[in-house]
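Engineer: The structure under discussion is supplied below as structure tokens; questions concerning it will follow.
Protein chains: 2
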Amino acid sequence: MKSTNRLSWKYVRDEIHHEILSGRYGPGDRLPRDADIADQLNCARSTVQRAMQDLSDIGLIERRRKGGTRVHPEPVTRATLDIPITRHEVEKKGARYGYQLIRQKEMSAPRTVLAAFELTSPVSMLRIEALHLSDNRPYMLEDRWVCLDTVPEIRDVDLEIHSANEWLVLNRPYTRCDLRFYAISADQKMSEMLGAKTGDALLLIERSTWIDGAPITTVKTITTPGYQLLTSS
Amino acid sequence: MKSTNRLSWKYVRDEIHHEILSGRYGPGDRLPRDADIADQLNCARSTVQRAMQDLSDIGLIERRRKGGTRVHPEPVTRATLDIPITRHEVEKKGARYGYQLIRQKEMSAPRTVLAAFELTSPVSMLRIEALHLSDNRPYMLEDRWVCLDTVPEIRDVDLEIHSANEWLVLNRPYTRCDLRFYAISADQKMSEMLGAKTGDALLLIERSTWIDGAPITTVKTITTPGYQLLTSS
DNA sequence: TGACATTTTAAGTAGCTACATATTACCGTT
DNA sequence: AACGGTAATATGTAGCTACTTAAAATGTCA
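Quick look at the structure:
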């Protein structure tokens, strides 16, 4: 009976979580100091600290030095999304993955691409258009721009064989990643590529990555009709 | 010069991150034991542990007791989304928030709603349809089902005044939340409500919440044309 | 050789201490 | 009352020790 009377930080976390949401503490309210909670629950401050850190991570509370801990005044639903390499996504569904390079061309980045990277001066980039297939049927269309200053090696990659998606994820770690989701209507070109009807509603995922402030790539991933993005846990 | 020669866990994390992605360790490779890394970097194991925990959180590595630490074999892009209460979202943009209840009715949950909750037997629910406004213009349409067994108090809430969205987030904490994003074409009814054109592509956010296994609510949030969802950090 | 029990190992957790750091709170001066 | 410097304080971080636990590795026996 030694282990049972030690409180785990998860227990402490759930205890506090429960107290908060039973109405004992409402949005904006200040919670007792870590040390006091530790006393009260008869555990170490470090245990409370870990519990609080977790609650802070999920957006339930806000912590500030000296300011103390308070319940987040504007509760948010915080969710985590995992976006795998497209090949893995297809294979996990039990389908056969295929890939087609549509076009690649070196050119100066247009205004919209520069904007995605928060840049103003012109940059030389490689534009790559490709189609991902699932059991020989169109699955995703990608329209990608890769910064040649940051990733010159992309020129030596045979993009007929290796998808830029996979090559970049495996070879180019990033320190910042912005994502953006929205819906568009398929235009004629897209619908042909994706085997959809013109006007179909499509989910679009836009992703831009940087390494230490330097732009790596920005990509518009256009999904097929009916595609759904789910949270992981 | 006392503080500078203590390594912070963030430094350790970045060091390992860097090693991994300079190619020193590739996907699936096993990393040294925490204790060895601690020795090598001349810091405490607990510092390495914290660094590793963080890398594990962002999906870069996988850790298993006895199995050790290895680089995630299938790298994923992990992103965090914050979905605020709609009123806060509108007000943060500097617009005036408005809300209209369209309809509410108690009824047995249809098959699709039961499916969202992974239930099979019929359940009595309150269906709520409402419109969120931004500066008097349609902003979001919500189609919600609230489980009356789990949240009987919803009957006493005046939904003409309080949006179910806000009331639930403030009063009904959840232990599980599933999200789903996809695109649909606006049908006649939606386009009328949202002031869009029939056939417009709309982003739809579906959210279901539970408290300790008991269903709370499931809601389809239909956004206006052009709506974009962004990652937080 | 294969199934099962045992040992070993590496991460996970809890507690303690000491110190760092960001703010808030306070107080004195102008 | 406004300003500015100082003290007080709650969280954040690092290090150490000790113990727990999941799971891989090994050994044992049929």
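Chains as they are written, first to last, in our numbering: chain A, 361 to 593; chain B, 361 to 593.
For glycine and all other residues, C-beta sits at the position ideal for the given N, C-alpha and C.
These numbers were taken from a predicted model, which means no experiment stands behind them.
Mapping the DSSP letters down to three states, classify residue 520 of chain B as helix, strand or coil.
Structural biologist: In the structure shown, the three-state DSSP call for residue 520 of chain B is coil.
Engineer: Among all the DSSP beta bridges, which residues are the ones paired with residue 580 of chain B?
Structural biologist: B:503 and B:566
Engineer: Using 8 Å as the threshold, is the C-beta distance between residue 386 of chain A and residue 431 of chain A below it?
Structural biologist: yes
Engineer: Compute the distance between the beta-carbons of residue 530 of chain B and residue 577 of chain B, then report whether it is under 8 Å.
Structural biologist: no
Engineer: Give the DSSP-derived three-state secondary structure of residue 492 of chain B in the structure shown.
Structural biologist: It is a strand residue.
Engineer: Suppose you measure from the CA of residue 416 of chain B to the CA of residue 439 of chain A; what does that come to, to the nearest Å?
Structural biologist: 17 Å
Engineer: What are the residues that DSSP puts in a beta bridge with residue 463 of chain B?
Structural biologist: B:489
Engineer: Excluding the 5 residues preceding and the 5 following residue 442 of chain A in the sequence, name in chain order all residues of the same chain whose CB lies nearer than 6 Å to its CB.
Structural biologist: 592.
Engineer: Can you tell me which of A:371, A:583, A:568 and A:373 puts its alpha carbon nearest to the alpha carbon of residue 475 of chain A?
Structural biologist: A:568
Engineer: Using DSSP bridges, identify the partner residues of residue 442 of chain A.
Structural biologist: B:438
Engineer: Residue 589 of chain B versus chain A: which residues are under 8 Å apart at the beta carbon?
Structural biologist: 540, 541 and 542
Engineer: Taking the CB atoms as reference points, tell me whether residue 447 of chain B and residue 526 of chain B lie closer together than 8 Å.
Structural biologist: Yes, Cβ-Cβ distance for residue 447 of chain B and residue 526 of chain B is below 8 Å.
Engineer: Once the 5 residues before and after residue 595 of chain A are set aside, which same chain residues still bring their CB inside 6 Å of it?
Structural biologist: Absent from the structure is residue 595 of chain A, since the part of chain A shown begins at 361 and ends at 593.
Engineer: Sort A:571, A:457 and A:547 by Cα distance to residue 510 of chain A and report the nearest one.
Structural biologist: Ranked by Cα distance from residue 510 of chain A, the options A:571, A:457 and A:547 are led by A:571.
Engineer: Quick one: residues in its chain with C-beta nearer than 6 Å to the C-beta of residue 460 of chain A, no 5 flanking neighbours on either side, listed in chain order?
Structural biologist: 491
Engineer: Does the CB of residue 461 of chain B have a neighbour CB from chain A at under 8 Å?
Structural biologist: With its beta carbon at least 8 Å from every one in chain A, residue 461 of chain B lies outside the interface.
Engineer: Taking residue 537 of chain A as the query, report the chain B residues whose CB atoms sit under 8 Å from its CB, ordered along the chain.
Structural biologist: 437, 439 and 591
Engineer: Step through the CB atoms of chain B and report whether any lies within less than 8 Å of the CB of residue 445 of chain A.
Structural biologist: yes
Engineer: Just to confirm before moving on: does the CB-CB distance between residue 544 of chain A and residue 556 of chain B stay below 8 Å?
Structural biologist: Not in contact: residue 544 of chain A and residue 556 of chain B (Cβ atoms no closer than 8 Å).
Engineer: Taking buried to mean at least 16 other C-beta atoms within 10 Å of its own C-beta, is residue 394 of chain A buried or exposed?
Structural biologist: buried
Engineer: Closest by CA to residue 536 of chain A, which one among A:477, A:450, A:445 and A:406?
Structural biologist: A:477
Engineer: Check the Cβ-Cβ distances between residue 579 of chain A and every residue of chain B, and say whether any is below 8 Å.
Structural biologist: no
Engineer: For residue 521 of chain B, count neighbouring Cβ atoms within 10 angstroms of its own Cβ and tell me buried if that reaches 16, exposed if not.
Structural biologist: Sixteen is the threshold: since fewer than 16 other Cβ atoms of the shown chains lie within 10 Å of the Cβ of residue 521 of chain B, the residue is exposed.
Engineer: In the DSSP assignment, find the unbroken beta strand (DSSP E) run with residue 429 of chain B in it and report its ends.
Structural biologist: 428 to 431
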